[in-house]
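Reviewing the structure listed below.
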Amino acid sequence: MSDANGAWVGLFSGGKDSSWAVYRALEEGLDVRRLVTVHPSEDSYMYHVPATDLASLAAESIGIELVDVDPGDLEAETVADSSAQGDDELEPLEAALEELDDALREGGEGGIAGVTAGAVESEYQTNRIQAMCDRLGCDLFAPLWQEDPRELADAMLEAGFEIKIIQVAAHGLDESWLGRTLDEAALADLEELNEEYGVHILGEGGEFETLVVDGPHMDRRIDLEYERKWEGTHGRLRITNAKLE
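In terms of the UniProt record's numbering, the sequence shown opens at residue 1 and continues consecutively.
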């Protein structure tokens with residue numbers, strides 16, 4: 001499949017890690033022509049879950065066409081097995097990329113040259129995405145992979161990313177974190193929580209999820225209106241309105 005003159009495709013949720021991977025790809029001169037967003041129907045081992053519907057606004061601001069993938073409901077017997085669930089969750093994405101590759105070739109765009117991914121430390125995710133790229137015959141660009149989390153966070157802020165925390169689920173993260181901007185003060189607090197509770201500074205273990213509302217790769221900022229929904233030990237933002245400024 002791989003074609004040096006083909007299109008790069010960004011695996012994209014709108015969160016900071018996938019956004020950083022797309023941004024870095026653009027900075028490296030990779031020809032990113034499509035973003036692909038998977039919309040999980042429940043808790044997912046493979047994908048960023050909350051607020052993926054806002055990825056369309058982010059893609060519009062970035063100026064890259066978005067392809068939506070709905071994996072559908074998983075069979076109950078596979079949910080208990082994380083390995084099987086991860087494989088099952090990947091199938092609709094791989095099928096969508098195969099279709100996209102065909103469409104790009106038919107449109108004279110050279111097929112898919114490579115895929116960007118925002119994994120930092122998760123071998124579970126990265127191994128599966130790499131294997132998928134191998135099967136598809138395309139390259140993988142994973143600029144966050146095994147980089148220092150604090151250095152990555154600092155690089156995102158230095159580049160001008162405005163990052164909102166939209167979901168939390170970890171000891172030490174209370175309701176006050178919902179809607180908080182991931183800035184220097186927040187990173188300092190996260191480093192303390194990392195020492196005390198083991199919270200990952202980038203939320204790699206699902207401790208928190210984010211949305212990038214502005215950045216150097218975006219033409220317009222995403223303006224959010226929301227309510228906080230807290231359920232004892234975890235919570236999320238319920239977005240009541242979102243628009244491009």
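C-beta: ideal position from N, C-alpha, C; glycine also.
Nearest-angstrom Cα separation, counted from residue j out to residue i
i: Gly20; j: Gly118; result: The question names Gly, but residue 20 is Trp in the sequence shown. C-alpha separation (whole angstroms): 7 Å.
i: Ala155; j: Arg135; result: 32 Å
i: Val213; j: Arg238; result: 15 Å
i: Ile165; j: Ala113; result: 32 Å
i: Lys16; j: Gly10; result: 13 Å
i: Ala186; j: Leu157; result: 12 Å
i: Gly198; j: Ala170; result: 9 Å
i: Asn5; j: Arg33; result: 12 Å
i: Glu202; j: Asn194; result: Note on residue identity: the sequence assigns Leu, not Glu, to residue 202. Approximately 10 Å, taken between the alpha carbons.
i: Gly160; j: Gly215; result: 5 Å
Pick from the options that is closest to residue i, judged by C-alpha positions
i: Glu92; options: Leu35, His217 and Val69; result: Residue identity check: residue 92 is Pro in the sequence provided, not Glu. The candidate whose alpha carbon is nearest that of Pro92 is Val69.
i: Phe141; options: Gly14, Gly29 and Gly15; result: Gly29
i: Glu191; options: Glu151, Tyr226 and Lys164; result: Glu151
i: Gly179; options: Arg228, Gly198 and Gly215; result: Arg228
i: Lys243; options: Glu175, Asp139, Ser56 and Asp101; result: Ser56
i: Arg220; options: Lys16, Gly63, Leu193 and Glu147; result: Gly63
i: Trp230; options: Val120, Val168 and Asp223; result: Val168
i: Glu207; options: Glu162, Thr233 and Asp223; result: Thr233
Own chain partners of residue i with C-beta closer than 6 Å, once the 5 adjacent residues on each side are dropped
i: Tyr23; result: His217
Assumed close pair residue i, residue j - CB separation to whole angstroms, cut-off 8 Å
i: Ala59; j: Leu90; result: Their Cβ separation, rounded to whole angstroms, is 21 Å, which puts Ala59 and Leu90 out of contact at 8 Å.
i: Cys138; j: Val115; result: 6 Å
Residues near residue i in its chain [Cβ-Cβ closer than 7 Å; skip 5 each side]
i: Tyr226; result: Gly179, Leu237, Arg238, Ile239 and Thr240
i: Pro50; result: Any reading at Pro50 needs caution, since the residue's pLDDT is 48, under 50, leaving its predicted position unreliable; the model's value is listed next. Here the set comprises Ile166, Gln167, Glu209 and Arg236.
Own chain partners of residue i with C-beta closer than 8 Å, once the 5 adjacent residues on each side are dropped
i: Glu75; result: Confidence at Glu75 is low in this model, with a pLDDT of 39, below 50, so its placement is unreliable and the value that follows should be read with caution. These residues qualify, in order along the chain: Asp88.
i: Leu26; result: Val32 and His217
On the three-pair Cβ rule with 8 Å, is the stretch 114-129 touching the stretch 168-179?
no
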